[in-house]
Amino acid sequence: MKPPAFDYHAPDSVAGVLEVLAQYGDDAKPLAGGQSLVPAMSFRLARPSVLVDLGRVPGLEGIRSEGGELRFGAMTRQRELEASALVAERLPLLSGVLPHIAHPQIRNRGTVGGSLAHADPAAELPAVLLALGGRCRIRSSAGERWVGADDFYTGLFETALGDGDLLVEVALPEEQPRSGWGFHEFARRHGDYALVGVVAQVHLDGRRLRDGRIALLSVGDGPVRAVRAEQVLRGLDLDDPAARDRGLAEAARLTAHADIDPPGDLQATAAFRRHLAEVLTRRALDDAVARALGELAPAT
C-alpha cells in the first residue's frame with residue numbers, strides 16, 4: 032500500500048525542527064530511521080500530514096560518558112551502539128540486548144530515539160530504559176526538560192512527548208561495581224517480535240541484594256515494571272542457597288501473577304504469556320545475580 036499524502040520538511044537545525052513542530056502541532060511527525068513510522072504510514076495506521084526529517088540535523092548523534100551516565104543522541108543508530116567498545120565496557124546490558132532487536136538491516140537504520148519515542152510494547156529498548164531507570168531529554172520551542180523512564184511511557188504507543196516536543200538525547204546509568212544484569216526473551220524466530228521479554232538489573236550490598244529493577248516487554252500497553260517483585264529482592268541473603276532460590280522464585284511468580292496483565296492474541300494466550308514471564312524472569316534474575324557475584328563471565 033501507499034501512504035496518504037503528506038508535506039515534507041528537512042530542517043538543518045534543531046531550532047528549525049522545533050519551529051516546524053510548533054507550527055503544525057499534532058499534524059507533524061518527526062522522521063528518524065523510519066523503520067516503524069514508514070511501514071505504519073504505508074498501511075495507513077499512521078496519517079501525519081507533515082513529516083519532519085531529522086536526517087540533516089547536526090548534533091543529534093553520538094555516544095559519550097558523562098557523570099556516571101552513557102548519553103546517546105536520539106539519532107544514534109542502533110548498530111553504532113552495538114559496535115561501540117564504550118557501550119560494551121560501561122553498559123554491557125545494552126550490548127547484550129541489542130543483537131536481539133530485529134535484524135542487522137533494521138539496526139543499521141533504526142535509531143535509539145526513534146524506538147523509544149515510537150513506544151512499541153514489543154520493543155526491547157523501552158524495556159531497557161525502564162529497567163535501568165534512564166531518562167530522556169526533550170526539547171520544544173518552550174524550552175527543555177528531562178523525563179525519567181517511570182514517567183515517559185503513558186499508554187499504548189503513547190509517551191510524555193507532546194505536540195511540538197522532540198526527543199534529543201537519552202541517558203542511561205553506567206553499570207556500577209557489585210551489580211549485574213540479565214535479559215531473556217522468547218520469539219518464534221530470531222528477529223521476530225518477542226512474545227515476552229524480561230530485562231533485570233540488580234545491585235548488591237556485600238552478599239545481599241540491595242535492590243533490583245525488572246522490566247518486561249510484550250505484556251502490556253508499553254514496557255511494564257515489576258514493582259511487587261522488586262520488593263522481594265530487597266535484602267535477599269545470597270549466602271543462603273535455599274533463601275536465594277525461594278526469593279528469586281517468588282520474585283518471578285509475583286512478576287507473572289501480580290505485576291502484569293498480559294493480553295491474549297493470535298500469537299499467544301494471556302496464560303501462556305504469564306508462564307513465559309515467570310520462566311524468563313527467573314532466568315534473567317539468575318543471570319543478573321550470578322554476574323553481580325562474579326559467577327557468570329561478563330561476556331556470556
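Using my numbering, read the sequence shown as starting at 32 and increasing by one per residue. Ideal Cβ positions, reconstructed from N, Cα and C, are used throughout, including at glycine.
Tell me, which residues are paired with glycine 165 by DSSP?
Answer by DSSP bridge pairing: none, since glycine 165 is not bridged.
Can you name the start and end residues of the beta strand (DSSP E) that glycine 213 belongs to?
210–217
Three-way DSSP call (helix, strand, coil) for glutamine 232 in this model:
strand
Any contact between the stretch 102–120 and the stretch 193–213? By contact I mean 3 or more CB pairs, one from each, below 8 Å.
yes
What's the C-alpha gap between alanine 359 and arginine 259?
Examination of residue 359 is not possible in this model, given that the chain is present from 32 through 331 alone.
Assess contact between the stretch 315–330 and the stretch 297–304, defined as three or more Cβ pairs (one per stretch) separated by less than 8 Å. Is contact present?
no
Report yes if the C-beta distance between valine 48 and valine 81 is below 9 Å; otherwise report no.
no
Checking the sheet assignment: what are the DSSP bridge partners for threonine 190?
Tyr184
Here's the rule I'm using: 16 or more other beta-carbon atoms within 10 Å means buried, otherwise exposed. How should glycine 213 be labelled?
buried
Compare the C-beta of leucine 112 with all C-beta atoms of chain B and state if any pair is closer than 9 Å.
Chain labels in this structure do not include chain B; a single protein chain is all it has.
Who are the Cβ neighbours of glycine 266 in its own chain at under 7 Å, not counting the five residues just before and after it?
Arg239 and Leu240
Taking alanine 328 as the reference, which of Leu226, Gly211 and Gly222 has the closest Cα?
Gly211
Going by alpha carbons, who is nearest to proline 35 out of Asp57, Met72, Ser44 and Ala53?
Met72
Let me confirm a value: glutamine 262 is counted as buried when at least 16 other C-beta atoms fall within 10 Å, else exposed. Which label applies?
exposed
In the structure shown, what three-state DSSP assignment does threonine 300 receive?
coil
When the Cα atoms are used, what is the spatial distance from leucine 311 to alanine 173?
43 Å
Is it true that the CB of leucine 248 sits closer than 9 Å to the CB of glutamate 309?
no
Taking 9 Å as the threshold (C-beta atoms), are alanine 77 and leucine 68 in contact?
yes
If we call anything under 9 Å between Cβ atoms a contact, is alanine 148 one with alanine 63?
yes
Just mark glutamate 111 as buried or exposed, buried being the case when its beta carbon has 16 or more other beta carbons within 10 Å.
buried
Could you say which of Ile132, Val229 and Gly164 lies nearest to glutamine 109 if we only look at CA atoms?
Ile132
Check whether the Cβ atoms of alanine 53 and glycine 237 lie closer than 9 Å to each other.
no
Buried or exposed: where does glutamate 216 fall if 16 or more other Cβ atoms within 10 Å of its Cβ makes it buried?
buried
Give me the Cβ distance between glycine 12 and proline 157, rounded to the nearest whole Å; I'm assuming they're in contact under 8 Å.
Residue 12 is absent from the structure shown; the chain starts at 32 and stops at 331.
Can you tell me whether threonine 331 is buried or exposed? The criterion is at least 16 other CB atoms within 10 Å of its CB, across all chains shown.
Note on threonine 331: pLDDT 48, under 50, position unreliable in the model; no value is reported.
From Asp270, Val229, Arg275 and Gly99, pick the residue whose C-alpha is nearest to that of arginine 256; which is it?
Val229
Output the boundary residues of the alpha helix (DSSP H) element that contains alanine 273.
272–285
Which class does alanine 154 belong to by DSSP, given the choice of helix, strand or coil?
coil
Proximity test, valine 255 beta-carbon vs the ligand SAM heavy atom, cut-off 8 Å
Questions concerning the ligand SAM fall outside what the structure shown contains, since it holds no ligand whatsoever.
Is arginine 87 helix, strand or coil by DSSP?
coil
With 16 other CB atoms within 10 Å as the buried threshold, where does aspartate 317 fall?
buried
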